[in-house]
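Engineer: Provided herewith is a single structure, encoded as structure tokens, for subsequent inquiry.
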Amino acid sequence: MGKLSSRQQQILDFLQEFHIDRSYMPSVREIQTACGISSTSVVDYNLRLLERDGYIRRSPDISRAIELVIEKEIDLVEVAMVPIMGTIAAGQPIPVPEASSYDPSDLEKIALSPDFTPHHAEDLFALRVKGFSMIDAFITDGDIVVLRPTTDVRDGDMVAAWLPIEEEATLKHFYLEGNQVRLMPANKEMDPIIVPADKVQIHGRVVAVMRKMNN
């Protein structure tokens, strides 16, 4: 990887922070505004340099299709070992096992760089995605989402939502609309799930995604 200019480092830092906060990548216009850059063409020029030097990957025909590439040695002591607690639906909700049914020693774990978990990595948990309702957010069947347990979420956050009446969980974007919650898929072929606000529980917000490379 080549040495970054101050502008490229600023853009890369913003991409990392935005993705951790929102679970998806910013648009070129959002990068321009946040980094105080004069034009979108200057943003695109720097993104091309970051891609050339191996810091990001882009799909030119898809909006927001920026993928971070982290290639640095990590001290194993600092690596967060995040347990995979089960499967979550990216589609119609599916039942999930009770937490009490897990033996922690039997859980599969993933190693996560501290670059993606700057605070309280010990609280994180992971779920394997089943389905295609979040495909427009570049999350597809077999990917793993890493979540931070919280009920404090904002409109647009990607969350693990628990529907207690159905005893089912689903992965969706969260929107509070009056006394209702809209759980929005990132797939134009699928309808949102709309439920009373008191009939849904938020179990976590997505902070990182690990993609299955052979999807």
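First residue of the sequence shown? That's 0 in numbering that gives the first Met the number 0, and the numbers climb one at a time after it.
Note that the Cβ used here is the ideal one computed from N, Cα and C, for glycine as well.
Since we're looking at a predicted model, the values are computed, not measured.
Can you tell which of Lys198, Leu106 and Val27 has its C-alpha closest to the C-alpha of Pro163?
Structural biologist: Lys198
Engineer: Hey, how far is the Cα of Lys108 from the Cα of Arg153?
Structural biologist: 28 angstroms
Engineer: Please determine, among Ile19, Phe13 and Ala168, the residue with the shortest C-alpha to C-alpha distance to Ile87.
Structural biologist: Selected option, being the one with the closest Cα: Ala168.
Engineer: Just to confirm before moving on: does the CB-CB distance between Val208 and Asp156 stay below 8 angstroms?
Structural biologist: Judged by beta-carbon spacing, Asp156 lies beyond the 8 angstroms limit of Val208, meaning their Cβ atoms are not closer than that value.
Engineer: With the cut-off set at 8 angstroms, would you say Met84 and Leu123 are in Cβ contact?
Structural biologist: no
Engineer: What residue from Gln15, Ile19 and Val42 has the CA that sits closest to Arg223's CA?
Structural biologist: Nothing can be reported for residue 223, as the shown portion of the chain is limited to 0 through 214.
Engineer: By Cβ distance, which residues of its chain are closer than 6 angstroms to Val206, with the 5 residues on each side in sequence left out?
Structural biologist: Ile19, Val145 and Arg147
Engineer: Spatial neighbours of Lys71 within its chain, please: C-beta separation below 7 angstroms, excluding the five flanking residues on both sides.
Structural biologist: Confidence at Lys71 is low in this model, with a pLDDT of 42, below 50, so its placement is unreliable and the value that follows should be read with caution. Within the same chain, Lys71 has no close Cβ partners at all.
Engineer: In three-state DSSP terms, what is Pro195?
Structural biologist: In this structure, Pro195 counts as strand in the three-state DSSP scheme.
Engineer: With 16 other CB atoms within 10 Å as the buried threshold, where does Met80 fall?
Structural biologist: Counting Cβ neighbours within 10 Å, Met80 comes out exposed, since fewer than 16 surround it.
Engineer: Just confirm the distance between the C-beta atoms of Met133 and Leu170, as a whole number of angstroms; I'd bet it's less than 8 angstroms.
Structural biologist: Contact holds; Cβ gap of about 6 angstroms.
Engineer: In whole angstroms, give me the CA-to-CA distance for Thr150 and Ile201.
Structural biologist: Each residue's alpha carbon lies about 5 angstroms from the other.
Engineer: At what residues does the beta strand (DSSP E) containing Thr86 begin and finish?
Structural biologist: Start and end: Ala79 to Ala88.
Engineer: Between which two residues does the alpha helix (DSSP H) holding Thr39 run?
Structural biologist: Thr39 to Arg51
Engineer: Per DSSP, what kind of secondary structure is Val152 in: helix, strand or coil?
Structural biologist: coil
Engineer: Could you check which residue in Ile55, Phe17, Gln9 and Gly130 has the C-alpha nearest to that of Gly35?
Structural biologist: Gln9
Engineer: Per DSSP, which residues does Glu176 bridge with? Please list them.
Structural biologist: Gln179
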